[in-house]
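One structure is given below, encoded as structure tokens.
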């Protein structure tokens, strides 16, 4: 990705837009919804929000024009230049112009207005063209884009978040009590420390909490402490669960109804996906914890006092689930915050406690503090 | 479109190439006829820059892939500016 020279960006998170006039190629409401959808693409991965105004000067003025239209960049009739836009700033800056000699369409039979608008609004927010052919900000229009599964590329997300940062935690999260307006940095040796999720990753153990994670290698006593976004900018903070499928070198991260797949620091394309694609019933709104049982090639998903078993080979849920956690993991639960596997034991976290569980003997072998791995 | 006469095509292409390199890759405007200078090093350099940016094979020549991309619809914001 590239930003404009001098990195111009909007110094506020709430922006206004105005559709100054309309193309006759599409019904007005189709133009309205294409523009709204195109702005939402960026809204979903940044703290930015957009609202429409109908008069006066908006931050992003949207016009359809042909040939010479008052700025020094004439349009050129059908084909070739489809539209252009200006980087953030006052006046014409931030505005987007669309060549009305094109045939604008809702699908890809002509020039798709949503796709071109989403690209131009990338400029309006401060992104230049990207060399990545997969990126929305690649300069050449790709008529074969599958609109149904359209997604920003990682390059686009990294780019826009380099200007505005990731979105705040989603509003439908349970609101966590916080003493002060600024998110706190969790204290590693706080005896009351609870964790969001724990997973292994290529031989290390990652302990996630709010916007950060501790990274523990078995070679060092003390863990490193990092911002999640410094490794995975597009991942949410305050995740629910995480587990590693070691045989595929993939870590799955869960938050709410969505889950992501990462390989090292690369978020895999095609994510996030909905958790219901894994076979959960609609009543499941989030996952509490998950762990991959390597010998059995099964993944256990813990949700409140129940758990599901997922067959990683068949890529489907085993029949006969959910079951009560306490039935098959005596001593564990009723609720689990996080779980991971080490030395053949499952380590279950609940609040500030941690249980070492022997899956073969089916019994808790030790009760520990949640931060016992940090050598406080 | 049905094929035009070849000579006409050639002329059209040179126009398109010149404008493409001037508008998006900051080729300096020059009064000399573009067809005569298309093999000159400044123009070759710009063609290479464009091919590199757009992920094409970097040949410095106006091969068919390069011409094909230049004909594709695109955004009017320059790829490389001063």
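Chains as they are written, first to last, in this note's numbering: chain A, 14 to 389; chain B, 19 to 100.
Here a beta-carbon is modelled for each residue, glycine too, at the ideal position from N, C-alpha and C.
Remember, predicted model here, so these are calculated numbers, not experimental data.
Member of 110/A, 141/A and 139/A whose CA lies at the smallest distance from the CA of residue 126/A:
As a working note, residue 126/A is residue 113 in the first chain. Nearest option by C-alpha distance: 110/A.
Under a CB-based cut-off of 8 Å, is residue 60/B close to chain A?
For the purposes of this step, residue 60/B is taken as the residue at position 42 of the second chain. Cβ-Cβ to chain A under 8 Å: no for residue 60/B.
Considering only their Cβ atoms, is the gap separating residue 176/A from residue 20/A smaller than 8 Å?
What you label residue 20/A is simply residue 7 of the first chain in a count that begins at 1. What you label residue 176/A is simply residue 163 of the first chain in a count that begins at 1. Yes, the pair counts as a contact, with Cβ atoms nearer than the cut-off.
Proximal residues, the stretch 142 to 157 of chain A versus chain E, C-beta separation under 7 Å
In the structure shown, chain E does not exist; the protein chains are A and B.
Same chain, Cβ closer than 6 Å to residue 15/A, five either side skipped, listed in chain order
Translated into positions along the first chain, residue 15/A becomes position 2. Cβ neighbours of residue 15/A beyond the five flanking positions: 141.
Between the CA atoms of residue 36/A and residue 71/B - distance to the nearest angstrom:
By 1-based counting over the second chain, the position of residue 71/B is 53. By 1-based counting over the first chain, the position of residue 36/A is 23. Computed Cα separation, rounded: 32 Å.
Count the other CB atoms, across all protein chains shown, that sit within 10 Å of the CB of residue 379/A; report buried if there are 16 or more and exposed otherwise.
Along the first chain, one-based indexing puts residue 379/A at 366. It is exposed - the Cβ of residue 379/A has fewer than 16 other Cβ atoms within 10 Å.
May I ask you to verify whether the stretch 226 to 243 of chain A touches the stretch 281 to 299 of chain A, counting CB pairs closer than 8 Å and requiring at least 3?
no
Could you compute how far the alpha carbon of residue 139/A sits from the alpha carbon of residue 337/A?
Looking up residue 139/A in the first chain gives position 126. Looking up residue 337/A in the first chain gives position 324. Cα to Cα, residue 139/A sits roughly 51 Å from residue 337/A.
Within 8 Å (strictly less), CB to CB, does residue 49/A reach chain B?
Position 36 of the first chain, counted from the start, is the residue given in the question as residue 49/A. No, its Cβ sits nowhere closer than 8 Å to a Cβ of chain B.
Count the other CB atoms within 10 Å of the CB of residue 68/A; is the residue buried (16 or more) or exposed (fewer)?
As a position in the first chain, residue 68/A is number 55, starting the count at 1. Answer is exposed; the Cβ neighbour count stays below 16.
Under 7 Å (Cβ pairs) to chain A, residues found in the stretch 70 to 99 of chain B
71, 72, 73, 87, 90, 91, 92, 93, 94, 95 and 97
Comparing C-alpha positions only, which one of 50/B, 82/B and 65/B sits nearest to residue 177/B?
Lying before the first or after the last residue shown, residue 177/B is absent from chain B, which here runs from 19 to 100.
Could you check what DSSP says for residue 387/A in three-state terms: helix, strand or coil?
Within the first chain, the letter at position 374 stands for residue 387/A. Residue 387/A falls in the helix class under three-state DSSP.
CB contact check: residue 97/A to chain B, cutoff 8 Å:
As a working note, residue 97/A is residue 84 in the first chain. Taking Cβ atoms only, chain B reaches closer than 8 Å to residue 97/A, which makes this a yes.
I want to see whether chain B comes within less than 8 Å of residue 132/A, judged by CB atoms only; does it?
The count along the first chain starts at 1 and reaches residue 132/A at position 119. So, interface residue.
From residue 50/A to residue 65/A, what does the alpha carbon distance come to, in whole angstroms?
As a working note, residue 50/A is residue 37 in the first chain. As a working note, residue 65/A is residue 52 in the first chain. Annotation: residue 50/A to residue 65/A spans about 13 Å, alpha carbon to alpha carbon.
Under 7 Å (Cβ pairs) to chain B, residues found in the stretch 51 to 73 of chain A
none
Contacts of residue 349/A in chain B (Cβ-Cβ under 9 Å):
Translated into positions along the first chain, residue 349/A becomes position 336. Neighbours of residue 349/A on chain B: none; closest Cβ ~47 Å, over 9 Å.
So, under 8 Å CB-CB, residue 78/A and residue 45/A are touching, yes? Tell me the CB distance rounded to an integer number of Å.
The residue you call residue 78/A lines up with position 65 of the first chain. The residue you call residue 45/A lines up with position 32 of the first chain. No, residue 78/A and residue 45/A are not in contact; Cβ-Cβ is about 18 Å, not under 8 Å.
Member of 93/A, 279/A, 302/A and 321/A whose CA lies at the smallest distance from the CA of residue 293/A
Within the first chain, numbered from 1, the residue matching residue 293/A stands at position 280. The shortest Cα separation from residue 293/A among 93/A, 279/A, 302/A and 321/A belongs to 321/A.
Short of 6 Å in beta carbon distance, which residues of its chain neighbour residue 45/B, apart from the five on each side in sequence? Order them along the chain.
Locating residue 45/B in the second chain gives position 27, counting from the first residue. Counting only Cβ-Cβ distances below 6 Å, and skipping sequence neighbours, we find 39 and 64.
Enumerate, from N- to C-terminal direction, the unbroken alpha helix (DSSP H) stretches of 4 or more residues contained entirely within the stretch 72 to 157 of chain A.
Here the runs fully enclosed are 126 to 138.
Count the other CB atoms within 10 Å of the CB of residue 15/B; is the residue buried (16 or more) or exposed (fewer)?
With chain B represented from 19 up to 100, any question about residue 15/B goes unanswered, as that position is not in the structure.
Please give me, in chain order, every unbroken run of the alpha helix (DSSP H) with length at least 4 that falls completely inside the stretch 294 to 377 of chain A.
338 to 341
At least three beta-carbon pairs within less than 8 Å, the stretch 246 to 264 of chain A to the stretch 210 to 229 of chain A:
yes
Within 8 Å of any Cβ in chain B, is that where the Cβ of residue 94/A sits?
Working through the first chain from its first residue, we reach residue 94/A at position 81. By this cut-off, residue 94/A is an interface position.
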